[in-house]
Structure formats: C-alpha cells, structure tokens
Amino acid sequence: MRPLARTVPVPPPEAAQAVEPVEEVRFGGRRLRARALLDVAGRVREAGIAVALALFVLVVAVIEPRFIEPNNLEEILLSVSILAIVAVGQTLVVLTRNIDLSVGSTVGLVAFVCADTLKGSPGTSVVLVVLLGVVLGAGLGVVNGLLVTVGRVPAIVATLGTLYIFRGLDFTIAGGKEVSASDVPDAYLDLATSRVLGIPVLILFAAVVVLIASLALRRMRSGRELYAIGSNPEAARLAGVPSGRLVFLAFVVCGALCGLAGVLWGARFATVDARAATGFELTVVAAVVVGGVNIFGGSGTAIGATLGAILLGTIENALSILKLNPFWLQAIQGAVIIAAVTLDAIVTRRLQRALRRARARR
Amino acid sequence: MSELDHSAPAIELRGVRKSFGGVQAVRGVDLALMPGEIHAVVGENGAGKSTLVRILGGVYRPDEGSVVVEGERVDLHSPANARARGVAVIYQEPALFPDLDVAENIFMGRQPRGRLGIDWREMYREVGELMGSLGVALDPRTPIQGLSVADQQLVEIAKALSLDARVVVMDEPTAALSSRETEQLFRIVKGLRERGVAVLFISHRIEEVFELGDTVTVLRDGEHVITKPAAQLDAAVLIRHMVGRDLGELFPKEHADIGAPLLEVRGLARQGVFEDVSFTLRRGEILGLAGLVGAGRTEVARALFGIDKVDSGEILLEGRPVAIGSPSDAVSAGLAFVPEDRQHQGLVLEMAIERNATLPILRRLTRLGLIQRRRERAVAREYTGRLQVKAAGLDLPATSLSGGNQQKVVLAKWLATDPSLLILDEPTRGIDIGTKAEVHRIVSGLAARGLGILLISSELPEVLAMADRVLVMHEGRITRELGRDEADQEKIMRAATGQDGARAAS
C-alpha cells in the first residue's frame, strides 16, 4: 500500500482560480493554507534534513569544537563518499517503487574481485580496474533487472535472493583469503588518498556521481519517467512510458554505481575479504529514506539521498568524537529513520484531513 | 486541428460486443461520434457505459464488432495506440502522477528539449499558453496532489488538446464536481466542440445531458436503446428509456411481520461524503437503499459498520444510543455487513471455504487460544449447508467457487455471527440469474425470521421486488422515501438523478 500522499483526494474548490505562485497565495484564505502546506510538504523532506543536519552540527560543535575543524569535516565527507554513491544508485531504483537489497553484496563482490585482480597482476592500470568494477557491477544489476522486469519477481524478494547469491559468489571466489594493503599496488590505494586541486579524489567521485544523477533526474525524459513510474504505474502505462525498460535500466545503473563503490571500497579499506560491505544495504536504504526519497516511489532526489548519507555519517563521527558508546550509534540511526518517516506520514495525514474538510465546505 | 470532414464520424463503433466471464457487458452497440458534436450517453448502473469508454480508450478490445476511425477500421489494442489515433479518454478518476506538477503530467515523455535536456521554462510557457487557450487559470507548476478533481480533469483535457485529440471521451466528469466547477467544465467542453472535437460525455444527471448534449444515446443492459438529437427528447422520455425493463417473477418475497424499530439513524453526516441521513429500520423489514453509484450509499453502510468515522449524528439500536467505533464494535452490537466487493473485502480468496465461513467468530471456536478444528468444521458445515453453497469440498480455497457461491459463503460467514441487522451492499452483482433468485430467497427468509435488512442495490427490479420500503439517495442525501406500494422504477430514477426538485411527492 502506498501511504497517504498517493491518494490525497480532493481539495479546495477555489483551486481552479489559483494562478499566483504559492508563495504569494499563502496569505489568502483557508484553502490557500492547505495549498501552501502541501507545497512545503513537497520540499520539506530535503529542506528538513538540511536543517536537521545544521542543528546537529551546531550542537555537537558547541560541546566539542574539534568537531568542526576542517580536517574532521573532510573526514566525515570521506567516510560517506562510498555510501553516497550507492545511495544515489538506490534512489534511482526506489523512485520506481522498487528496491535493491543486493547493493551490499555487489559492493563486496566487486571490491574483492578488483583487489584480487590487482594482487594477481599488479601491472593492471587503475583505470582498467575501475572499468572492470563498473562493468561487473552493471552485470550484477542486469541480473536484478531481469528478475524484476522479465521474471516479474517483486524487487524486495528478487534482490533479497541475489543478496545471498552475490555474497555466496564472493565467498566462493575469496575462499577465506583476504587481500591486504601490501598485496596491491600503491596506485590503487591512491584512489582513496590522493587529491585533485586539494580535494580528495574519493569525494570528487561522489560529487560527480551526485551531480550527474541530479541532472539526469531533472533534465532527461527518462529521468522524469522514473518518477512517473513510481508515482502512478497505471498512469505511466497509459502515458506510454516504457516502464519495464526503465526499471531494468535503473537496476543496471544502480549495479554499476555499486561497482564503482566496490572499487573505491577496496582502495579505502585496503584490506578486503569476502565479508566486505556485509549489511551495507541497510545503511544505504537508511540514507535514502532519511534523505526523503519516498520508499513507495515517485518522489525524492539524489541530493536528498546524499544529505541522508551525510547526516548518518555525521552522527557516526560525532559519537566517536564525543566518545560515546557505539551502541548509541545504531540506536540513534534507528531513531532518525523512524523520525524522518513518521514526520512524513503525519504531515501527509494532516494534509489529507485538511483537504477533505476544505472540500466539504464548498 | 487538421482539416475536418464534418459529415463523417470521427470515430464509430459498429456492432460492438464485450463480455466478462459470461456476463455480457455490451451487446451489439453502434455509436457514431461526429466532429464538433457533444454526444451524451446515459443509462443505469451496469448499462455498459464504462465498458464502451474503455473500448474507445484501447483498454478493452471488443469481442465482436469493429472500431472505425475516420472511415478506417482500426484495432485500438492499447491506450497508447488509442491516443496515437487521436482518441483521448478522461476517466472518472484522472490517471495522473500525484507527485509531479501540472506541466509534467501534460508532457510526460514528450517534454520539450533544449541543448541541456528538458527545457523546463519552455514547458511551463507552453502549458501556460494551453491553459490560457482553455481560459483556465491553473499554475503549471502546481503538483497534482494539491489539485481538486475538477482541476485534475482540466489537466487531462489540456493533455488531450496538446495531443491534438480529435475525440475526447469523458466518463462522468461531473460526478465529483461542485456546480461552479461543473459550469467551468461545460464552458470548456463547449469550447472543444467549437474546435471541431468529437466529445463523448457520460453523465448520470439528466439536466446536464440536456444542457450539454447535442445528441443523446441511451444504453440499457448493454444494449443500444435509442440515439436522438437532444432537442427531440425530454427528461420523462429519457428516464423511461433508461429503466424500461421487465420486473419478471424472479424474486419471491416471503411475508414477514414488521416489528419494533431495530435501527434508528438520526442526522448522520460525514463531511464531504453524506449529510443528514436519517431513517428507521424495523425488525423483519427489508429497507432498500437505491441511488446511483457515488450517491453515498456504500459510505453510509461503512459508517454504520464503524469502518469510517462520522462527523455528526446518532445511531440507536433497539432504542438505545450506541457508539460504533470499529467493525468489531459493530459485530458485537449484532450488525453484519456484506460488502460490495466480495473478492477483496468479503473473502480471503486463497483461504479454505470453511476458514472463510468461520472467520468472524474464530474467537468463539477457541479453547486456550487454540482453534478447535472440529468445531470450526461443524459450524462451517452448518451454515454453508443452510445456504446450499455448492462446493466440491469445504477445504478448497474460496477461489474454487462461482461468484454466486462465493457470495453465499460471505452470507454464511455473517449469519454465523447471529446478527440482528444485516447490511447487504449489491449482494447480487455479477451473479448468474439462478443463484440470484436463491440469494433473494435467503434474504427474504432472514427477514421473515425477524432480522432487519438494509439492502443497497443499483438494480431497480431487485429493490422493488425485495424492499418493504425504499430510500433513494442522491449526492449524499436521502432525497425520497417510497413505500412498497408506491415505488416504481421511474420514481426511483427521478429521485436518484436529482430530478425531484423538492422532496414532495410527485
């Protein structure tokens, strides 16, 4: 079931006359308040999380000024770069009312294969390894995409299956071995440590991914069609949107981004075994949801998901800097997820009631 | 608009037939829509109007007969295909993307593009112009979920225009509109006519048919009755054509002694849904609740049963005020509700018949929290037997039954709760004639045993045959009350279509 946003019924009668942009409309009557509320609700997800993030940073900074030293802020961004890349991929899938639970396994499998390849033939160019990772990830995405679109297996089931299968593959290939920092060429590890124009490459990778995804989602027809599919699949069909192809594509791109993330994972953590990125899918989904991407599709942005990732990363960093028990990390992450989604549900429900009353008054 | 031949139909249906699982929804209908003409189609619930709309929209393909677009026989095999042929259909529930804005909804998949992808400014400009040409002040940037149904329909109309549609089909566009919104819609529809668009317009409201329609077609039971210029018709003739159906001797009604008041409803209201609903239902009485789809009948039933909250009003059972806040309150108060949609709301289809039959009384069949299978079986056997459910085995899933027998299981399950008041919502919809009579016999027998029965039905013959009294609802209000002796199809239809100006007797 979709939550309320989906079925918001009928609203204010006078709406037909509303021409002015909503910002001005707000000063009008009751109907206009309902409109304005709705409009805020549409944006509140990203704006809200940005505000929450700012407040959190402020509070922690007051308690522990070291928290906002440039070094630490950079460390936070470094720690969420990989998460942000995968969260963007996940966003593409979730927008279409699907989900990819296999992202953690994909990242882990790619990380191991890439690191292992470099161990075996240290001469391989890093560019080639990045390509290998992306292609391998995309290939795993193809499996998910086919299962969901051709096999018509619900995404949550299909990707739960591939979560185990990809991880199993990882164990088969790794066979209990691990690749450590000394096994791979420095050029590979540089991916995670070198800088361009003073900015860590890892952060640049994430920034480029977020930027491209944002543009594609806003500027490409197929980007908009992802929203259409998630917003109302039946209407998308009636509008001639090639839903199957686009959902497939979303899974493939998500897989490719997981592939990129896998290569970077190997470089950043240097030591990779078959357990790399286990459970990562949950953090990714958390970032996406906290970032205001509707888990039932149709709304959300790449920027939002990235903000979600940054908020989670910031909380983690703050807890370690404040030397709190790591138990709190998980509890707080859980609380943040619930708060974000609950708030969303409350806002939409209130809105729905306001609209029904408004209709009755006409 | 391209050059138009105003003497040839823009689209034509010839001898179109369509049936669903043995029920013929449309049987051999001819219909021609002319450019620059508004064609109104009227008929009772189930007359086949919506099926025709879906055939025109490429959602259903006719079993027989043909669709002809501008002289050429075509196969509208998909909605996209119908759209490409210049046919735009506006369904009762607009098919829009609630998360996206007006402009995107109009241009999805066809957005204007510049060097950097979608040119949003250009898109907003074009939609602004489109709205201007319709004389509508609607901001292209408004998200759809903030719009009224009226505005959503305007968006659909704007989309049709942007697609250069030559045929615009509207399925009961005014059902959810206020009178002011309706006026605006009519102004725009007349504008479409001036542009040479062929408009098909379905309405339940007789006065709208005469205000807007150039030509009127009446359908009844899936058959074409007449097509005439509106000028040659009046309301009385139209209603007679709509209802002219034989009563038949299908429904044997047993005599029942009508006793003390069982249920009294006073001033029940749910904002925006129904208002000022008051009536009394006595023991042994079958009270018919007639009206058109969307008149608020099901909503009243849902409120009585505690599914939806009411904003005001009082419910008395046997003279005592009761607060029914949930279906389980309703069940303990002795109410039972057989919903309209038995497949989704009445039964758990994959579950065994016996399990379905005992679902509402499971608690009574348990010992130490565990269900006693033997008692469950016995109860299921008793009630399904009493209603003569024809099943190969009670342990088979409910899907294995025919529609009529499924309905009997739903009835059985509620009878097992030993109710004093039974609410039936369209109890015989989609059931074959033989089983229908059986359901009627059962219902009539229950009334004879002293149950009070609220019978919601869109089939006038059924209401007339079964009910001791008939209440007619129109747009959320009870507009007429008719005794068994005075009720006839035309009186009910007039009240249901809002033709009774006052509530005075005609």
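Chains as they are written, first to last, in the working numbering: chain A, 9 to 370; chain B, 55 to 560.
Beta carbons: idealized from backbone N, C-alpha and C, even for Gly.
Measuring straight from C-alpha to C-alpha, what distance separates residue i and residue j?
i, j, result
"B:Gln553", "B:Gly345", "12 Å"
"B:Ala64", "B:Phe240", "21 Å"
"A:Val375", "A:Leu199", "Within the shown structure, residues of chain A are numbered from 9 to 370, placing residue 375 of chain A beyond reach of any answer."
"B:Thr228", "B:Arg531", "17 Å"
"A:Val297", "A:Gln98", "10 Å"
"B:Ala541", "B:Arg523", "8 Å"
"B:Asp225", "B:Gln146", "5 Å"
"B:Leu125", "B:Asp218", "First, the residue type needs correcting, since residue 125 of chain B is Gly and not Leu in the sequence shown. The alpha-carbon atoms of B:Gly125 and B:Asp218 are separated by roughly 19 Å."
"A:Gly145", "A:Gly267", "4 Å"
"A:Val158", "A:Val165", "14 Å"
"A:Gly153", "A:Val134", "28 Å"
"A:Arg203", "A:Val209", "5 Å"
"B:Leu465", "A:Ser307", "43 Å"
Who are the Cβ neighbours of residue i in its own chain at under 7 Å, not counting the five residues just before and after it?
i, result
"B:Phe74", "none"
"B:Ala79", "Lys72, Ser73, Gly102, Thr105, Gly276"
"A:Ala123", "Val187, Val192, Gly274, Val280"
"A:Glu54", "Gly300, Thr309, Ile311, Gly312, Leu315"
"B:Gln206", "Pro148, Leu150, Ile198"
"B:Val113", "Pro133"
"B:Ala314", "Arg336, Arg337"
Does residue i pass the burial test, meaning 16 or more other C-beta atoms within 10 Å, or should it be called exposed?
i, result
"B:Thr482", "buried"
"B:Met162", "buried"
"A:Tyr172", "exposed"
"B:Phe255", "buried"
"B:Phe359", "buried"
"B:His398", "exposed"
"B:Leu450", "exposed"
"A:Pro162", "exposed"
"B:Glu158", "buried"
"B:Pro133", "buried"
"A:Pro130", "exposed"
"B:Asp300", "Confidence at B:Asp300 is low in this model, with a pLDDT of 49, below 50, so the placement of that residue should be treated as unreliable; the coordinate-derived value is given next. The residue is exposed, with fewer than 16 neighbouring Cβ atoms inside 10 Å."
"B:His258", "buried"
"B:Gln42", "What the structure shows of chain B is the stretch from 55 to 560, and residue 42 of chain B is not part of that stretch, so it cannot be assessed."
"A:Thr350", "exposed"
"B:Met405", "exposed"
"A:Trp336", "exposed"
"A:Ala92", "buried"
"B:Arg127", "exposed"
Provide the residue(s) that pair with residue i in DSSP beta bridges, ordered along the chain.
i, result
"B:Phe333", "B:Val319"
"B:Lys282", "B:Val270"
"B:Leu536", "B:Val524"
"B:Arg324", "B:Phe328"
"B:Ser120", "B:Arg68"
"B:Val83", "B:Val70"
"B:Ala390", "B:Leu476"
"B:Thr420", "B:Ile425"
"B:Glu126", "B:Val123"
"B:Asp155", "B:Pro197"
"B:Ile510", "B:Leu343, B:Asp479"
Who are the Cβ neighbours of residue i in its own chain at under 8 Å, not counting the five residues just before and after it?
i, result
"A:Thr125", "Thr132, Val137, Leu140"
"B:Leu505", "Arg337, Gly338, Pro473, Ser474, Leu475, Leu476"
"A:Pro29", "In this prediction, A:Pro29 has a pLDDT of 38, which is less than 50 and means its spatial position is unreliable; what the coordinates show is noted afterwards. Counting only Cβ-Cβ distances below 8 Å, and skipping sequence neighbours, we find nothing."
"B:Ser366", "Gly321, Leu322, Ala323"
"A:Ile340", "Ile323, Leu327"
In chain order, what residues of the same chain lie with their CB nearer than 6 Å to the CB of residue i, ignoring the 5 residues before and after it?
i, result
"B:Glu57", "Confidence at B:Glu57 is low in this model, with a pLDDT of 47, below 50, so the placement of that residue should be treated as unreliable; the coordinate-derived value is given next. So no residue of the chain qualifies."
"A:Gly116", "Asp178, Ala284, Ala285"
"B:Asp362", "Arg356"
"B:Val223", "Val107, Leu110, Val143, Leu254"
"A:Leu168", "Leu109"
"B:Gln165", "Ile172, Met177"
"A:Ala221", "Val96, Ala310"
Could you tell me how far apart the beta carbons of residue i and residue j are, in whole angstroms, since I believe they sit closer than 8 Å?
i, j, result
"A:Leu330", "A:Ile90", "With a Cβ gap of about 24 Å, A:Leu330 and A:Ile90 do not count as contacting."
"B:Thr334", "B:Asp479", "With a Cβ gap of about 20 Å, B:Thr334 and B:Asp479 do not count as contacting."
"B:Leu413", "A:Ala236", "Going by Cβ atoms, the distance from B:Leu413 to A:Ala236 rounds to 39 Å, so no, they are not a contact pair."
"B:Leu403", "B:Ala452", "5 Å"
"B:Gly499", "B:Glu308", "6 Å"
"B:Ala387", "B:Leu370", "11 Å between Cβ atoms; not a contact."
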